[in-house]
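The numbering of the sequence shown is this note's numbering, which starts it at 1 and goes up by one.
Heads up, the thing below is written out as structure tokens.
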Amino acid sequence: LAWHVKVTGRNEDISLTVTVNGQDMDRDAGLDLPVGSRAEIRYVVTNLGTWTSFYDISIEDPMVPMSAMSCTNTQQVYLGTVVCTARVTVTEGPYAHLVVADAYSANTPKMQASDWIVWNGVTSDRPSLALLPSGGGAT
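If you want it as structure tokens, here you go:
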């Protein structure tokens, strides 16, 4: 049984990165997206562990149910990543919420990671936040 002992211990951890249309959207103000356009949300859950696999991966996005996501594999991943995508139609107004990923390994009861999604759905008659004068108000 001594051959099972490793010099370095096992490490179980995951990370979550969420992007919208290929851009990280967890900044304070987010980015402006045109109302009615389609946004592709990409959720990447990465196994940061050593010598471990993780399984039963789930992603909790308050605006997109897991059933509406297309995922590479959520059953079991050894030292890799799970990528899920979803397409949503942008609606007017701010969109900000926390996305949480859960996963399990043989050695830990539950691992969690989170990332924010922030964007603004804008119409063509409303100026983009990026187009406001440097003073912040309309002139």
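For each residue, glycine too, the CB sits at the ideal point set by N, CA and C.
Fair warning: this is a prediction, and the values are worked out from it, not measured in the lab.
Query: Assigned secondary structure, Ala106 (DSSP; H/G/I helix, E/B strand, else coil); Result: coil
Query: When Trp119, Ser124, Thr123 are compared against Gln23, the one with the closest alpha-carbon; Result: Trp119
Query: Cutoff 7 Å; reference Leu21; Cβ partners in own chain excluding five residues on either side; Result: Just to set this straight, residue 21 is Asn in the shown sequence, not Leu. Same-chain partners within the cutoff: Ala39, Glu40.
Query: Nearest candidate by alpha-carbon position, reference Glu60, set Thr50, Tyr43, Gly36, Thr123; Result: Tyr43
Query: Per-residue DSSP class, three states only, for Ser67; Result: helix
Query: Straight-line Cα distance separating Thr123 from Thr72; Result: 34 Å
Query: Strand pairing of Glu60, partner residues [DSSP]; Result: Val100
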